[in-house]
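A.B. asks:
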Amino acid sequence: MLQAAGLNGRRPVKKPMISAENHKARVEWAKAHKDWTNKEWEDVLWSDEIKYMLFGTDGIQWIEAIMIRSTDPSTFRTGSPAVM
Numbered sequence: 001m002l003q004a005a006g007l008n009g010r011r012p013v014k015k016p017m018i019s020a021e022n023h024k025a026r027v028e029w030a031k032a033h034k035d036w037t038n039k040e041w042e043d044v045l046w047s048d049e050i051k052y053m054l055f056g057t058d059g060i061q062w063i064e065a066i067m068i069r070s071t072d073p074s075t076f077r078t079g080s081p082a083v084m
C-alpha cells in the first residue's frame with residue numbers, strides 16, 4: 001500500500017552534510033595554503049573527529065522516502081545523539 005503511494009523503505013544516503021558556502025570556503029582555504037612549506041605545516045595542529053555513541057550503536061537506519069526527494073539535502077537526518 002505504501003509502495004503504491006510512492007513511498008519506499010530505504011537506507012539513508014551517505015553524503016557529507018556540507019553547504020555550498022562551506023564547500024566554497026574550504027576550497028578557498030586550500031588554495032590559499034597550497035604553497036606552504038613543510039616548516040609552516042609543522043606549526044599546524046590537526047585533530048580528527050571521532051564519534052562516540054552515548055546510547056547503543058548506530059545500527060541499520062531506515063527511512064521512508066518518496067523516491068523523487070530521496071537525494072534532496074533538506075530531507076537528510078543526522079542520526080542519534082553523540083559526543084564528537
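As numbered in UniProt numbering, residues 1 to 84 make up the sequence shown, in order. Backbone N, C-alpha and C define an ideal beta-carbon position, used for all residues, glycine too.
1) When the distance is taken between beta carbons, is R10 closer than 9 Å to I18?
2) Three-state secondary structure (DSSP) at W29?
3) Between which two residues does the alpha helix (DSSP H) harbouring E40 extend?
C.D. replies: Quick answer:
1) no
2) helix
3) Run containing E40: 38-41, per the alpha helix (DSSP H) assignment.
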